[in-house]
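J.:
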Amino acid sequence: MENCIFCKIINREIPSTIVYEDDKVLAFKDINPVAPVHVLIIPKVHIKNVMDLNEQNLDILKDIHLAAKKIAGEMGVADKGFRLITNCGEEAGQTVFHLHYHLIGGKELGPKII
Ligand code: 5GP
Ligand code: ZN
236 MENCIFCKII NREIPSTIVY EDDKVLAFKD INPVAPVHVL IIPKVHIKNV
286 MDLNEQNLDI LKDIHLAAKK IAGEMGVADK GFRLITNCGE EAGQTVFHLH
336 YHLIGGKELG PKII
């Protein structure tokens, strides 16, 4: 999508610190980290958020989760634990409307919302 900041990151029009890439998924460090490990995992196709998922594009969740496992291992948070979070829509605080999962860890995380 032309004006999507994450599509621009995928296309290398905006620089980012990439930590993982395959043919379907890209992962890069969040520009404003809330924890020592804060990575954004995104599909290379433009999907707005969870509400944009359907039978045709749902397979991407498998790839995102497999990428999350690899990244968690490589960044040293697999054993101690991490959170994998997606915000869907404005009231949830979504600010970039390209589906993304925050992988957050490397410190005691809290408070828990749920
Ligand atoms: P949301 O608030 O939509 O759940 O998450 C969007 C995230 O994208 C935020 O944590 C924000 O810091 C991050 N972000 C926004 N613009 C950029 C950017 O240009 N580069 C990187 N690496 N992260 C960004
Ligand atoms: Zn996009």
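Numbering-wise, my numbering puts 269 at position 34 of the sequence shown, and it's gapless, one number per residue.
Even for Gly, the Cβ is constructed at its ideal location relative to N, Cα and C.
This one's a predicted model, so the numbers in the text were calculated from it and none came from an experiment.
(1) Between the Cα of H300 and the Cα atoms of M236, V274, R247, which residue gives the shortest distance?
(2) Taking 5 Å as the limit, tell me which residues put their C-beta closer than that to any heavy atom of the ligand 5GP, in chain order.
(3) Would you say E309 and V254 are within 9 Å of each other, going by their C-beta atoms?
(4) Enumerate in chain order the residues of its own chain whose CB-to-CB distance from K283 is below 6 Å, with the five nearest sequence positions on each side excluded.
(5) Indicate, with yes or no, if the ligand ZN has a heavy atom lying under 8 Å from the CB of H300.
(6) So does the segment 289–296 actually touch the segment 242–251, counting three or more Cβ pairs closer than 8 Å?
T.: With the structure as the only source:
(1) V274
(2) Taken from the N-terminal end onward, the list reads S251, D265, I266, N267, N322, Q329, T330, V331.
(3) yes
(4) The answer, listed in chain order, is F332.
(5) No, Cβ of H300 sits at least 8 Å from all heavy atoms of the ligand ZN.
(6) Per the Cβ contact rule, the segment 289–296 is not in contact with the segment 242–251 (fewer than 3 Cβ pairs under 8 Å).
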